[in-house]
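Number of protein chains: 2
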Amino acid sequence: MILKNIGKHISLNPSEKSQLLSLLPSISVPKKEIIIDQGRICDTLFFVESGSFRAYNLNKDGKESTIMFAPKDWWVTDMNSFLNKVPSLLSLEALENSMVYTLSRSNFDDLLNKIPKLERFFRILFQKAYIREQLRVLDNISLTTEERYLNFIRKYPDLAEKVTQKQIASYLGVTPEFLSSVKKK
Amino acid sequence: MILKNIGKHISLNPSEKSQLLSLLPSISVPKKEIIIDQGRICDTLFFVESGSFRAYNLNKDGKESTIMFAPKDWWVTDMNSFLNKVPSLLSLEALENSMVYTLSRSNFDDLLNKIPKLERFFRILFQKAYIREQLRVLDNISLTTEERYLNFIRKYPDLAEKVTQKQIASYLGVTPEFLSSVKKK
DNA sequence: AGTTGGGCTTAAACTATCTTAAGTTTAAAT
DNA sequence: ATTTAAACTTAAGATAGTTTAAGCCCAACT
Numbered sequence: 012m013i014l015k016n017i018g019k020h021i022s023l024n025p026s027e028k029s030q031l032l033s034l035l036p037s038i039s040v041p042k043k044e045i046i047i048d049q050g051r052i053c054d055t056l057f058f059v060e061s062g063s064f065r066a067y068n069l070n071k072d073g074k075e076s077t078i079m080f081a082p083k084d085w086w087v088t089d090m091n092s093f094l095n096k097v098p099s100l101l102s103l104e105a106l107e108n109s110m111v112y113t114l115s116r117s118n119f120d121d122l123l124n125k126i127p128k129l130e131r132f133f134r135i136l137f138q139k140a141y142i143r144e145q146l147r148v149l150d151n152i153s154l155t156t157e158e159r160y161l162n163f164i165r166k167y168p169d170l171a172e173k174v175t176q177k178q179i180a181s182y183l184g185v186t187p188e189f190l191s192s193v194k195k196k
Numbered sequence: 012m013i014l015k016n017i018g019k020h021i022s023l024n025p026s027e028k029s030q031l032l033s034l035l036p037s038i039s040v041p042k043k044e045i046i047i048d049q050g051r052i053c054d055t056l057f058f059v060e061s062g063s064f065r066a067y068n069l070n071k072d073g074k075e076s077t078i079m080f081a082p083k084d085w086w087v088t089d090m091n092s093f094l095n096k097v098p099s100l101l102s103l104e105a106l107e108n109s110m111v112y113t114l115s116r117s118n119f120d121d122l123l124n125k126i127p128k129l130e131r132f133f134r135i136l137f138q139k140a141y142i143r144e145q146l147r148v149l150d151n152i153s154l155t156t157e158e159r160y161l162n163f164i165r166k167y168p169d170l171a172e173k174v175t176q177k178q179i180a181s182y183l184g185v186t187p188e189f190l191s192s193v194k195k196k
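Quick note, the sequences are listed as chains A and B, same order.
Numbering of the first sequence is given in my numbering, commencing with residue 12 and proceeding in unit increments.
Numbering of the second sequence is given in my numbering, commencing with residue 12 and proceeding in unit increments.
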């Protein structure tokens, strides 16, 4: 699945494929396990082969904000921590039993040097990630909670069934109580 | 300035530099001129050599939302429109008399093929843009208007003086009246 | 079977933010 | 310099969202 994901944007020969896979050990993650800890430096980039994850931030008052969901076939990490070696702002938790490939920061750097085509792959990946986040910002500053909720279930219908409403509320930036009242309308 | 900007992440030889510059005509843009029109496909990537810009979206009710500011030394476009050839969601307007380099989509593709090192440059550029937008999303869903306003003037002190409060309010996602009352506190 | 805890709903009281509208200040244009 | 339009402020009343608290349902544990 990870090769197919990369194959969407670039094509690798068999030797490059095996080289890549050798630097990407996979691990299985049971439901509720946390693979990125807020406050620690995160030096691993993950690819979700199966299952799904939720990334959330906990503020000083204990309020939880869901930064992103990572369903299968997604790359995920705290990119700021991964790139700049600063403490992570988020924790990443498995929503269900999952399988991920792990790419360490040093292997990431090595891979980009050994297989320069991967620069293009990640360039496109981050370009799309940037677009996605920018659209989310626009949603956040211009739409009502109801519109954002409808957008969410339209864009991620599968996720919407898998996660709790409390988590959806914290993704939208409202309380679960208010989301509940919005849904009733 | 644009060569210095690129030099932050990769190094180009003189021939590459001249090849690059030959594909990046520069234009001067008078204050208030619009160089990206919401609704039209945007096939140009801009680099702000001097001056500054504001990108905003206008919704059906005429409400304006500021998606981003682009001060000098920034790359800017409607990335979704540029990459996917869909109508632009934003208009880009000069805040003052400015100078920009323009890179067309076809020259962009050509350059990346001719100078593969640029893949790395843009990979890093988009990686940082993604991080920035993700932090802004977290701000939007977890902070109060007051906190977001203070963050804004702390992160962009120069911009905060150059733009109107109406524009800052529409960047934060609140009305100018409310921002005014927040400032009074 | 009984208990515990989490997630969902409802409701009341409270706070944040919007809308509208008026008055004032600032900046642009003549 | 005068005029005009836009930006900023203020304030009152409306709507959106939070907080707290209670109750219900369902799954997990004892």
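From the three backbone atoms N, C-alpha and C, an ideal C-beta is built for every residue, glycine too.
All of these numbers come straight from a predicted model, not from anything done at the bench.
Taking the DSSP output, what are the residues bridged to residue i?
| i | result |
| --- | --- |
| PHE189(A) | In the DSSP output, where bridge partners are listed per residue, PHE189(A) has none listed. |
| TYR67(A) | THR77(A), SER102(A) |
| THR175(B) | Its beta-bridge partners do not exist; DSSP assigns none. |
| PHE57(B) | VAL87(B), THR113(B) |
| ILE46(A) | Per DSSP, none; premise fails for ILE46(A). |
| ILE52(A) | PRO98(A) |
| SER37(A) | TYR112(A) |
Measure the beta-carbon distance from residue i to residue j and round it to whole angstroms, keeping in mind my assumption that it falls under 8 Å.
| i | j | result |
| --- | --- | --- |
| ASP84(B) | ASN151(B) | In fact, because the Cβ distance is near 25 Å, the residues do not count as touching under 8 Å. |
| PHE119(A) | HIS20(A) | That belief does not hold up - the Cβ atoms of PHE119(A) and HIS20(A) are roughly 17 Å apart, past 8 Å. |
| ASN153(A) | ASN70(B) | In the sequence as displayed, the identity of residue 153(A) is Ser instead of Asn. With 8 Å as the limit, SER153(A) and ASN70(B) qualify as a contact, their Cβ atoms being about 6 Å apart. |
| ALA66(A) | VAL87(A) | 7 Å |
| LEU34(A) | LEU122(A) | 6 Å |
| ILE78(A) | LEU101(A) | 5 Å |
| ILE126(B) | LEU31(B) | 7 Å |
Taking 7 Å as the cut-off, decide whether the C-beta atoms of residue i and residue j are in contact.
| i | j | result |
| --- | --- | --- |
| ILE46(B) | LEU103(B) | yes |
| GLU75(A) | SER181(A) | yes |
| ILE38(A) | SER92(A) | no |
| LEU170(B) | PHE64(B) | no |
| SER115(A) | GLN49(A) | no |
| VAL111(A) | VAL185(A) | no |
| ASN1(B) | LEU149(A) | Missing from the structure shown is residue 1(B); chain B here goes from 12 to 196 and no further. |
| PHE137(A) | TYR167(B) | no |
| ARG159(B) | LEU183(B) | yes |
| THR113(A) | THR55(A) | yes |
| LYS196(A) | PRO187(A) | no |
| GLU157(A) | VAL193(A) | yes |
Cβ-based contacts, 8 Å cut-off: residues of the segment 153–170 of chain A near chain B: Look at the segment 153–170 of chain A: the residues with a C-beta under 8 Å from a C-beta of chain B are SER153.
Residues from the segment 131–153 of chain A in contact with chain B, defined by Cβ distance under 8 Å: The residues in question are ARG131, PHE133, ARG134, PHE137, GLN138, LYS139, ALA140, TYR141, ILE142, GLU144, GLN145, LEU146, ARG147, VAL148, LEU149, ASN151, ILE152, SER153.
Residues from the segment 12–41 of chain B in contact with chain A, defined by Cβ distance under 7 Å: Per Cβ criterion, the list is empty.
4-residue-minimum alpha helix (DSSP H) runs that sit fully inside the segment 110–160 of chain B, ordered along the chain: DSSP runs (the alpha helix (DSSP H)) wholly in the segment 110–160 of chain B: 116–125, 128–153.
Interfacial residues, the segment 117–132 of chain A to chain B, with Cβ spacing under 8 Å: Listed in chain order, the positions of the segment 117–132 of chain A with a beta carbon within less than 8 Å of a beta carbon of chain B are LEU123, PRO127, GLU130, ARG131.
Contacting positions in the segment 76–98 of chain A - beta carbon closer than 7 Å to chain B: Within the segment 76–98 of chain A, the residues whose Cβ lies closer than 7 Å to some Cβ of chain B are SER76, ILE78, MET90, ASN91, LEU94, listed in chain order.
Residues of the segment 184–195 of chain B with Cβ closer than 9 Å to any Cβ of chain A, in chain order: Answer set for the segment 184–195 of chain B: GLY184, VAL185.
Contacting positions in the segment 47–70 of chain B - beta carbon closer than 8 Å to chain A: For the segment 47–70 of chain B, the set of residues with a beta-carbon nearer than 8 Å to any beta-carbon of chain A comprises ASN68, ASN70, in chain order.
Short-range partners of chain A found in the segment 100–113 of chain B, where Cβ spacing is below 9 Å: Going along the segment 100–113 of chain B in chain order, one finds LEU100, LEU101 with a Cβ nearer than 9 Å to chain A.
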